[in-house]
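**Student:** Please read through the structure below; I'll follow up with questions.
Residue numbers (our numbering): 29 to 369.
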């Protein structure tokens with residue numbers, strides 16, 4: 029099995045690492061969009077986090093890795109088992125599934141298993157990429173270049189949390205809840221607003237601009253490529269600390285309090301920026317709560333809001349013909365106005 033670059037060994041890119049950790053603590057936030065230069069560790073960070081997360085319990089034999097939890101969303105096969113004796117379970121790694129730009133719709137949503145249909149005369153469903161990504165991460169590189177029909181499909185699945193396939197006499201419904209992670213270069217094209225709005229957090233990454241940081245990135249990458257196992261062993265303790273931190277945060281999350289005063293500040297900030305709808309406030313609240321859980325705090329405060337506001341709101345701003353400032357600058361100004369210096 030190929031080694032994965034350790035999450036704790038990634039140099040810099042603090043906002044990206046924070047956003048991915050927040051999404052891992054609370055997947056309901058809605059995924060992470062990473063825009064910026066190539067070769068800045070976007071896909072490395074996602075795979076590294078998934079590799080350090082603890083294995084998850086799943087129903088044995090389920091092609092969708094459904095959770096054995098009685099309250100979890102499950103497929104038709106697991107639904108039929110409910111009410112009987114508890115299903116057998118096993119531990120599986122958190123999946124990270126790549127969705128290629130040229131993927132067909134059948135490959136993404138699933139289709140008729142032709143081999144079984146021809147050999148056995150049986151209509152059976154062959155799960156697609158959405159099924160494999162259930163309870164994990166769905167990663168789309170160059171997401172801004174994704175074809176429109178796949179964008180429409182992702183929007184529907186992201187909104188409902190399930191994939192429905194009805195074709196060739198098949199009718200299949202299965203859970204498809206995943207953390208959607210997209211990356212791309214904004215200079216190569218813009219995302220459709222409907223898909224952009226589905227990402228909970230958005231961040232901008234840049235190539236390191238200091239000499240020591242660039243040298244450290246090259247040294248660590250070279251050390252990993254020359255001896256992956258030895259390099260991973262040196263960072264194992266740091267990754268283990270992050271793993272325990274995420275596990276503790278997940279347990280703590282339901283008990284983290286969000287005072288009304290904090291909600292008022294979140295609403296003021298969104299009103300100051302003129303964001304459409306209320307998804308900005310919801311994401312801001314959930315991200316701040318997840319960050320508080322990560323930091324071991326029992327109550328969300330202004331500091332948590334300010335820390336997550338840029339990533340939660342920068343992609344929700346309307347374009348202003350009278351203000352050509354970047355979205356990060358506009359969010360920063362609004363934070364100063366609402367919270368003070």
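From the three backbone atoms N, C-alpha and C, an ideal C-beta is built for every residue, glycine too.
Keep in mind the model is a prediction, meaning the values are calculated, not measured.
For a quick check, are the C-beta atoms of residue 362 and residue 46 less than 9 Å apart?
**Tutor:** Stepping through the chain shown from its first residue, residue 362 is reached at position 334. Stepping through the chain shown from its first residue, residue 46 is reached at position 18. Cβ distance not < 9 Å, so residue 362 and residue 46 don't count as in contact.
**Student:** When burial is assigned at 16 or more other CB atoms within 10 Å of the CB, is residue 35 buried or exposed?
**Tutor:** Taking the first residue of the chain shown as 1, we reach residue 35 at position 7. Answer is buried; the Cβ neighbour count reaches 16.
**Student:** Given residue 29, which residues of its chain have a CB within under 6 Å of its CB, disregarding the five upstream and five downstream residues?
**Tutor:** Reading the chain shown from its first residue, position 1 is the one you call residue 29. Only weak support exists for where residue 29 lies, its pLDDT of 43 falling under 50; the coordinates are left without a value.
**Student:** Have a look at 136, 82, 156 and flag the residue whose alpha-carbon is nearest the alpha-carbon of residue 275.
**Tutor:** Your numbering for residue 275 matches position 247 in the chain shown. The option with the nearest alpha carbon to residue 275 is 82.
**Student:** In the DSSP assignment, what are the bridge partners of residue 139?
**Tutor:** Residue mapping note: residue 139 aligns to position 111 of the chain shown, counting from 1. In the DSSP output, where bridge partners are listed per residue, residue 139 has 154.
**Student:** Assess contact between the segment 336-347 and the segment 294-305, defined as three or more Cβ pairs (one per stretch) separated by less than 8 Å. Is contact present?
**Tutor:** Enough Cβ pairs lie closer than 8 Å, so yes.
**Student:** Which class does residue 171 belong to by DSSP, given the choice of helix, strand or coil?
**Tutor:** The sequence position of residue 171 within the chain shown is 143, counting from 1. Three-state DSSP puts residue 171 in a helix.
**Student:** Smallest Cα separation from residue 185: which of 43, 74, 202?
**Tutor:** Here residue 185 refers to the residue found at position 157 of the chain shown. The shortest C-alpha separation from residue 185 is found at 202.
**Student:** Pull up the distance between the alpha-carbon of residue 234 and that of residue 65, whole angstroms please.
**Tutor:** The residue you call residue 234 lines up with position 206 of the chain shown. The residue you call residue 65 lines up with position 37 of the chain shown. Between residue 234 and residue 65, the C-alpha separation is close to 6 Å.
**Student:** Roughly how many angstroms lie between the CA atoms of residue 94 and residue 180, to the nearest whole one?
**Tutor:** Residue 94 sits at position 66 when you count from the first residue of the chain shown. Residue 180 sits at position 152 when you count from the first residue of the chain shown. Their Cα atoms are separated by approximately 25 Å.
**Student:** Could you tell me the boundaries of the alpha helix (DSSP H) in which residue 126 lies?
**Tutor:** Sequence index remark: in the chain shown, residue 126 carries index 98 (1-based). That residue, residue 126, is in no alpha helix (DSSP H); its beta strand (DSSP E) goes 124-126.
**Student:** Starting from residue 39, trace the beta strand (DSSP E) in both directions and tell me its first and last residue.
**Tutor:** Position 11 of the chain shown, counted from the first residue, corresponds to residue 39. Unbroken run through residue 39: none, as it is neither H nor E.
**Student:** What is the DSSP secondary structure of residue 360, reduced to helix, strand or coil?
**Tutor:** If you number the chain shown from 1, residue 360 lands on position 332. The answer is helix: DSSP assigns residue 360 an H, G or I state.
**Student:** Under the rule that 16 or more other beta-carbon atoms within 10 Å means buried, what is residue 358, buried or exposed?
**Tutor:** Counted from its first residue, the chain shown places residue 358 at position 330. It is buried - the Cβ of residue 358 has at least 16 other Cβ atoms within 10 Å.
**Student:** Might you give, ordered along the chain, the residues of its own chain that have their beta carbon closer than 7 Å to the beta carbon of residue 337, omitting 5 neighbours on each side?
**Tutor:** Here the question's residue 337 lines up with position 309 in the chain shown. Excluding residues within five positions, the ones whose Cβ falls inside 7 Å are 297, 312, 359, 363.
**Student:** Does the distance from the C-beta atom of residue 114 to that of residue 79 stay below 9 Å?
**Tutor:** Sequence index remark: in the chain shown, residue 114 carries index 86 (1-based). Sequence index remark: in the chain shown, residue 79 carries index 51 (1-based). In this structure, residue 79 does not lie closer than 9 Å to residue 114 by Cβ.
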